[in-house]
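To start, the structure itself, in structure tokens.
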Amino acid sequence: METTHNTEQALEHLQHLIDNIETVIRGKRNQIKFVLTALLAKGHILMEDNPGTGKTVMAKTLAQSISSGDAYVDGGVSFKRIQFTPDLLPMDLIGSHIFDEDKKEFIFKRGPLFTNVLLADEINRASPKVQSALLECMAENQITIGDTTYKLNKLFFTIATQNPIEMEGTYPLPAAQLDRFFIKIIFGYVDEETELEIYRNYLGIDNNLQHIKQVLSMQEILDLQQETELVFVHDEIVKSVRNIVWATRKHPEIILGASTRSGITFLKCLKAYALVNGRTFVIEDDVHDLTVPVLDHRLIYKNKEARVNALPGILKAEIDRLHKLKIAHA
Amino acid sequence: MLAKRYHSLKKEIAQYLLLGVPTVLLAAYAIELANRYLALLENNWFRQSLFFAVGMAAAFSIFARRYRFTPITAIMLVAIYIVRQFIASGKVGEFDAFFWTVRFNTYALFFVTGWIAGYGFSRARFFSIAWSVILLAAMSFVIATLSVVKADMIVVTFAPMLVCTFYIIYTSELIRNLNEDDPLLIWQILKRLGGFALVMLLLVLGLMKYYKPQFEAVEKEWGAGKKQEDNNNPSNSLTRKDGSGTTTNNSMGLSGFNNKANKDSVLFVAKLDNFFPDGKTPNPLYFTTDYFTKFDSETQTFEKDSLRPYNDLFSPDVSQIPLFFTKQDTTLLAKPTATKFRRVATAEVYKHNLSARLYTAPSTGFFVQPVSVPDENKDIYRSAYRAKMLVSELNSAYFVYNPAGNKDLEQFQQQRFDVLRKSKGFESLPRNFYDYYTYIPRGYDYDSIRALANQIVKEKGAVAPVDKIIAVRDYFLKKDENGQPTFKYSDNPGIPGMPSANKLTYFLFQNKKGYCAYYAGATLFMLRALGIPSRVATGFLTVDRSGKNPGWYWFYEDQAHAWVQAYFPEYGWIDFDTTVPNEDQQQAPQPDQTPPLTSQTAWLVANGKTISVDTVKKIVTMEMEKMLYWDQPYDFTPRPTFRMDVSMAKITHDTGQVALSVLKPGENIVAVSYSTTFKDIPPKETDSSYSLFKKFPDPSPIDEIKIMLSEEEKAALQQKQKEEQPTDWAKVIINTLIVSLLLLLIVLSIPYITFRFLTSKAATARERGKQVYWQYMAVMFYLNQMGFEKDQLTPLQFARTVVDPHFGTNMSEFVNIYLKAKYSRLSLSERDTTVAQNFYPSVFSKLKQQLKFGFRFSHFMNVKRTIHFFSKPNIYS
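As structure tokens, then:
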């Protein structure tokens, strides 16, 4: 793919976007990249960690930096947030028909799903019914109520957060539904230095959040999503995706390996990740960075130890294979 | 590591088949060997091997399932103990109990050994190596104890051991790293084992082929060295091998057994012109090679003594004398130690297996002349020589081997005893001579021998020395009241229970069994105790077994012998053999075969430089330098021209027979004539060399011309001979050290060579992408050697997080370019090239600045890192 002027500009904007978000979320450059990767791959992201690590702020900042603040105005991006609770009902998400006194008819009151960026906070606290309602929307990008099918927005990106499963009052997401999330990342605490910096400067950070600027327009994001498909993937990288997926199926410590759909998702994510990193081709670093976030939550392990060791082991072998490849063409 | 946590059936099966079965087979072989030597094992190797196998299998199956070693082994040992106690108490009778517990203990021992081996193989990582070392040590031990070391045997014993060692190490590692999820598991294993077998086969064959000469050298060295060590050595044959055949030993010990493994091997054939006064009956004489005059009471070994007084031993190295040349010891003729009944006899010795160096002749030799072996016999006899010696007419081999009923011989015996009885007393002998040859060590043991000798003589009432000797001989031949001989012949007489006990007194007073060395040794001391000067002679006993060819004698290896010579003033050394006949082994006497064609007497042997060669008239002329005429040497100065008629002559060169045309003027030759023409011209005392020369016909008939080697050829031959000389161990060690140092150097320089290879690749790569690749490889390799391993990181991470912060380089950008070249279809931009150019050569200087030389040097030699750099990672680790 030749790097066109447009792409170059879009890539530049992407970098701006990352920088922009980083003014608010300190020390989370990698996580920001993953979020953008999911966005560009037309997928959704699941963030898991303890409360207070900055998941919500991240989602908010992202939404804000790609929206003009006003929804539906000059291609701006709308942002909605839903706090999931055990008593939440599906219609709270989708919306419902309410009776319009003036027109004497039921009109459809759109729920918060009809947005561009949706922050589904603490998704595993809602009942499975609600979870599945959301995930169906995510998969099909449309909502059917009664006879009517409502299309969701062209740009529909869900950032879901969840508390660690061990915590009380949670409904763990079933594996099939986890599969809908392209990427699952563990947000994690920032390092000591950054944390100190945050404490010193929390007012400034707050201020930054208030005044975050739009750096990418909706159109640009859609364009970038198009560009993603054009990122060049070397055949050896495709092979290594195949190898990793196969290895998870054959691994003695993994009960359920990755599906073919996972592999395709993996490829999509690789392309998007390359773009996020300012490249128009995928390199082994991308494979290295993405394998765990993309595949880990789709696998079922025999035990906890396997969860820690199995996938990194597979990845290590594959990275080594890639590293030892002799250059194929000049 | 995870994959190994749980028990795996495939691995267990692989252990049984690949490690267990070969180990059990090997152990069975070892146990079988042990059974041959240890009576305790009761020759029950099959059952013992079975116990070993069961122990091993049990250990495999239990430890493959991750049980703990200590408690289970403890339980097992307790069980064994209880069963043992039960057997000990349950069996009736003391003997039975002892017998059964011993047997049980043996089985238990093998079971436990198998058990431990099984445990080691399935658990302890380095056990396979330990096990191999044990095997090798055991084999070395077995080889060290062997009496006859042969190169083939070293090969046969060590090669399987070596292969086995490698096999066990390789297989245990293979099983350890088995990936049992591999669908082609069996094929993979077979493939690897097949490859391994092939490599091993090639390796061993190559080694064996390459080292065969060395092995043979070791064989020789070992053979010689062992015999020289001391008499604690269990084998003590009278003969040994030197470089060119069998020869006699340098010392004669008194323990162990007389190895007659090769008794059927013909050593040499000799023609001896020694006949009884009737002129028809051959009088065989023992062939002497050396004398033992000294006895080392520490090691109880008879030794040669080069400082013995009145040494009359003539012992030239025959192989060093050119054909037809002679070597004489005229001092022996000038100052004979005896004068009466002496005459000169001649012998021709045709060597088959006998060492080419060895000179052996009866009595006192003084002349040797290597002669050519007749063509018809060349395949049997390797070399031959003519010997002259002074023999006593009183001497004969018929001292013990007295042919019964031969009147002439019996008469001869009596006659010679009568003569010897008249011998002068020993007072006439020089003091030092008499003292030397009657010396006995002090001590109780020798006193008892002295007492015995005196008693024997007293019983017989013998006065004359020869009667004393006969009395001693009769003592050994005496029969007890049951008509059984008191002394018996035995090749393996055994040794006294106390290691330090005197073997001669043990032989004389207790055991009364022995081979020739015992009889000769005991006789020597008894004679010396009686004041008769005597020495032990070694060589070959001569048996006249054929009436067809009188004067011809065959010598087999079992005729190697030791006997006593006693000195009689005026008559000299006379042989006395007191060894009793071997009654147990009255095998059919070795047949005497057809003797080799007698080579004619070389009347004339002349050497000099060729002047002309006429191939048509068959006339050769030469400048005669020296001449041996009727065994008398003559010199010529100035050198006369000698015309030779070579029409009947055989021309030989070092390589064999050649045509006359090969002979060129200027070459040195030796001309030999057997012609009767010369027989008719006997030299007179008054003849000078020139007066003789004038009597020769012109041209003189010559039967053989040998072209002498030129200087270069001689040098080459000497070189060759040098190589054949015993291995210089210091040299071997130094060479080994040098070679291993070189090898070490090569191994240590592998990283550097690899690095140079990578940088040169980077320098010569044409395409940019390839160039970047090789540059990247070179940098990564260098960093890897320096201890900065990429390990689990991706290249970019490695550059960004390890290299750049550490060295202040710009590697991450370079890696970006490398990755771009590797994974994208984009061509490298100008900017990329500049970055790469800025980075690549300068990175090394940057690294060098920051790392000390010593650090770099020591790290660069780390071959392990190099291997690590190029090796595949283990997926599950």
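Going down the list, the sequences are from chains A and B.
When the letters of the first sequence are read in order and numbered with the working numbering, they come out as residues 1 to 330.
When the letters of the second sequence are read in order and numbered with the working numbering, they come out as residues 331 to 1207.
Where a beta carbon is used, it is the ideal one built from N, C-alpha and C, also for glycine.
All of these numbers come straight from a predicted model, not from anything done at the bench.
- Collapsing the DSSP output to three states places residue 998 of chain B in a strand.
- Residue pairing for residue 895 of chain B: DSSP places it in a beta bridge opposite B:865, B:905.
- Contact of residue 13 of chain A with chain B is not assigned, every C-beta pair being separated by 8 Å or more.
- By the Cβ neighbour-count rule, residue 1136 of chain B is exposed, with fewer than 16 other Cβ atoms within 10 Å of its own.
- Counted as a single uninterrupted DSSP element, the beta strand (DSSP E) harbouring residue 934 of chain B occupies residues 934–944.
- Counting C-beta pairs with one atom in each stretch, the segment 857–874 of chain B and the segment 769–789 of chain B have three or more that are closer than 8 Å, which means they touch.
- With respect to chain A, the C-beta atom of residue 1167 of chain B has no partner C-beta closer than 8 Å.
- The beta carbon of residue 1090 of chain B does not come within 8 Å of any beta carbon belonging to chain A, so the residue lies off that interface.
- With contact defined as three or more Cβ pairs closer than 8 Å, the segment 491–508 of chain B and the segment 344–364 of chain B are in contact.
- Closer than 8 Å to the CB of residue 1159 of chain B there is not a single CB belonging to chain A.
- The Cβ-Cβ distance between residue 283 of chain A and residue 182 of chain A does not fall below 8 Å.
- The segment 234–245 of chain A makes no contact with the segment 1106–1116 of chain B, as fewer than three CB pairs between them are under 8 Å.
- Nearest CB-CB separation between residue 316 of chain A and chain B: below the 8 Å threshold.
- With respect to the C-alpha of residue 298 of chain A, the residue from A:286, A:288, A:287, A:311 having the closest C-alpha is A:311.
- In its chain, beyond the 5 residues on either side, 677, 691, 695, 698 have a beta carbon closer than 6 Å to the beta carbon of residue 717 of chain B.
- By the criterion of a C-beta distance shorter than 8 Å, residue 1080 of chain B is surrounded in its chain by 1193, 1196, once the five residues flanking it on both sides are discounted.
- Around the beta-carbon of residue 1006 of chain B, fewer than 16 other beta-carbon atoms lie within 10 Å, marking it exposed.
- Proximity to residue 90 of chain A across A:107, A:112, A:103 peaks at A:112, based on C-alpha coordinates.
- Secondary structure remark: continuous beta strand (DSSP E) runs of at least 3 residues inside the segment 1036–1105 of chain B: none found.
- Per the DSSP secondary-structure output, residue 233 of chain A pairs with nothing in a beta bridge.
- Contact with chain B is absent for residue 7 of chain A, since none of that chain's Cβ atoms lies less than 8 Å from the residue's Cβ.
- Residue environment: residue 300 of chain A is assigned as exposed (fewer than 16 neighbouring CB atoms within 10 Å of its CB, all protein chains considered).
- When secondary structure is reduced to three states using DSSP, residue 617 of chain B falls in the strand class.
- Secondary structure at residue 251 of chain A: coil, using DSSP grouped into helix, strand and coil.
- The straight-line gap separating the alpha-carbon atoms of residue 624 of chain B and residue 881 of chain B is approximately 33 Å.
- For residue 1135 of chain B, none of the residues of chain A pass the 9 Å Cβ criterion, the least Cβ distance being about 15 Å.
- Contact check between the segment 1132–1150 of chain B and the segment 1162–1176 of chain B: three or more CB pairs, one atom from each, fall below 8 Å, which counts as touching.
- Close to residue 285 of chain A, with beta-carbon spacing below 8 Å, are these residues of chain B in chain order: 1124, 1125, 1126, 1127, 1149.
- Around residue 82 of chain A, the same chain offers 88, 92, 93, 112, 118, 119, 120, 121 as residues with beta carbons nearer than 8 Å, after the five sequence neighbours per side are excluded.
- Runs of the beta strand (DSSP E) lying entirely within the segment 677–750 of chain B and spanning at least 3 residues, in chain order: 694–701, 713–722.
- DSSP places residue 47 of chain A in the uninterrupted beta strand (DSSP E) bounded by 45–48.
- Using a CB distance below 7 Å, the part of the segment 1095–1106 of chain B facing chain A consists of 1097, 1098, 1099, 1100, 1103, ordered along the chain.
- Across the segment 73–97 of chain A, no CB contact with chain B closer than 9 Å is found for any residue.
- Cβ-Cβ separation between residue 616 of chain B and residue 872 of chain B: approximately 6 Å, consistent with a contact (criterion under 8 Å).
- Residue 600 of chain B is bridged by DSSP to B:679, B:883.
- In the DSSP assignment, residue 986 of chain B falls within the beta strand (DSSP E) that extends over 986–988.
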